[in-house]
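Sequential numbering of the sequence shown, starting at 5, is according to the numbering used here. Note that beta-carbon positions come from the ideal geometry of N, C-alpha and C, so glycine has one too. Source: prediction; values computed, not measured. Below is one structure; the comments refer to it alone.
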Amino acid sequence: MNASSKVIIAIDGPAASGKGTLARRLAAHLGLRYLDTGSLYRAIGLTVLKAGQDPTNEAQALAAAKILNLDAFSAEELRSEVAGVAASHVAFLKPVRAELLDFQRKFAEEPGPDVKGAILDGRDIGTVVCKDTADVKIFVEASLETRIQRRIKELQDRGESFKERHVQADMEARDKRDRDRSVAPLKPADDAWLLDTSTLNADEAFAVALAHIQETGTL
Ligand code: CDP
Numbered sequence: 005m006n007a008s009s010k011v012i013i014a015i016d017g018p019a020a021s022g023k024g025t026l027a028r029r030l031a032a033h034l035g036l037r038y039l040d041t042g043s044l045y046r047a048i049g050l051t052v053l054k055a056g057q058d059p060t061n062e063a064q065a066l067a068a069a070k071i072l073n074l075d076a077f078s079a080e081e082l083r084s085e086v087a088g089v090a091a092s093h094v095a096f097l098k099p100v101r102a103e104l105l106d107f108q109r110k111f112a113e114e115p116g117p118d119v120k121g122a123i124l125d126g127r128d129i130g131t132v133v134c135k136d137t138a139d140v141k142i143f144v145e146a147s148l149e150t151r152i153q154r155r156i157k158e159l160q161d162r163g164e165s166f167k168e169r170h171v172q173a174d175m176e177a178r179d180k181r182d183r184d185r186s187v188a189p190l191k192p193a194d195d196a197w198l199l200d201t202s203t204l205n206a207d208e209a210f211a212v213a214l215a216h217i218q219e220t221g222t223l
C-alpha cells in the first residue's frame, strides 16, 4: 500500500471499456490528478509514424519514448484510431514500457500539493506501475460488442471516417496484442475489483465505482 497520505487509484481495462470516462469523472469528483497512460503510448506511436518509421521497430520506438512530448499532438490526433493501433505496437516492446515507468510512478506518488492523490488509467497500472502502491484497483470490462459500438459512436461524434468491420478487426487485434504480450499483459490484478459496464451507462458506472471506493474507506 501507499505509505503517504495521498491516495492512488488504478483503473485498467481493454479498449473502449469505459475506463477513461470513468477515471476522468472520478478524478474531478474526488479531487485527484488524472493521468491517461494510453496517451503516452499514443504519443510515442504517433512520433514514430510522423518520422516515417515503424512502430514495431524497437530501436525507433525507444528513441521516440526518450523524447516523449505530449504537447506535440492535439487531443484529436492522440485519440485517432491510427494512434491507437500504433500505441498498441510500441506498447508491446519491453524497453518502451520500462522507459515510461519512472514518469508514471512519480505522477502517482507525487501528484502535487493541491490534490488528494492520483488516478491513473491504462492496462498495467494495478499489475505493474502501482502494483504495490495503489489503494484501490478497478478493472473495467465490457463485452466486445458493447466496446465496438462505443468506439463507433466515439468516431462518429468526432466526425472521423471509418468502416465498421475495420473498427471490429482493429479492436480484436489490439485486444489480442494487449492480452497476449509477455510484458505487462492486460489482466486484472489479483486484488482488483471487477466492474462490467456492458449494461451500464457512464453515469451508472460512475455511481457504482464511487460507491465501491467509498466502501473501501480510502477517501
Ligand atoms: O482508449 P483505449 O482503451 O482504446 O486506448 P488507450 O487506453 O489510449 O491505449 C492505447 C494502447 O496503448 C492500448 O491498446 C495498449 O496497447 C497501450 N497501453 C498499454 O499497453 N499500457 C497502458 N498502461 C496504457 C495503454
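Item                                                                                                                                                      : Value
Measure the C-alpha to C-alpha separation of T41 and G126 and round it to an integer number of angstroms.                                                 : 5 Å
Give the DSSP bridge partners of K3, in chain order.                                                                                                      : No answer is possible for residue 3: it lies beyond the span of the chain, which begins at 5 and ends at 223.
Closer than 8 Å by C-beta to H93: which residues in its own chain qualify, once you throw out the five before and the five after it? Chain order, please. : G49, P59, T60, A65, R181
Could you pull the start and end residues of the alpha helix (DSSP H) that A87 belongs to?                                                                : 85 to 94
Between the alpha carbons of Q218 and L198, how many angstroms are there, rounded?                                                                        : 16 Å
Using the C-alpha atoms, what's the distance from L53 back to Q160?                                                                                       : 24 Å
With distances taken between CB atoms, is the gap from K112 to I12 smaller than 8 Å?                                                                      : Per the sequence shown, residue 112 should be read as Ala rather than Lys. Contact: yes.
Are any of the Cβ atoms in chain C nearer than 8 Å to that of E176?                                                                                       : Here there is only one protein chain, and chain C is not present.
Can you list, in chain order, the stretches of the alpha helix (DSSP H) that have 4 or more residues and sit fully within the segment 157 to 206?         : 168 to 184
Taking DSSP's pairing of strands, which residues face R37 in a bridge?                                                                                    : A122
Does the beta-carbon of I15, which I'm using as the reference point, lie nearer than 7 Å to any heavy atom of the ligand CDP?                             : no
In angstroms, rounded to a whole number, what distance separates the CA positions of A196 and V140?                                                       : 8 Å
Got a sec: does the ligand CDP put a non-hydrogen atom nearer than 7 Å to the Cβ of R46?                                                                  : yes
Quick one: give me the first and last residue of the alpha helix (DSSP H) that L4 is part of.                                                             : In the structure as shown, the chain starts at 5 and stops at 223, and residue 4 therefore has no counterpart that could be examined.
Looking at the secondary structure, which residues open and close the alpha helix (DSSP H) in which R101 lies?                                            : 98 to 113
Going straight from the alpha carbon of A215 to that of E114, what length do you get?                                                                     : 26 Å
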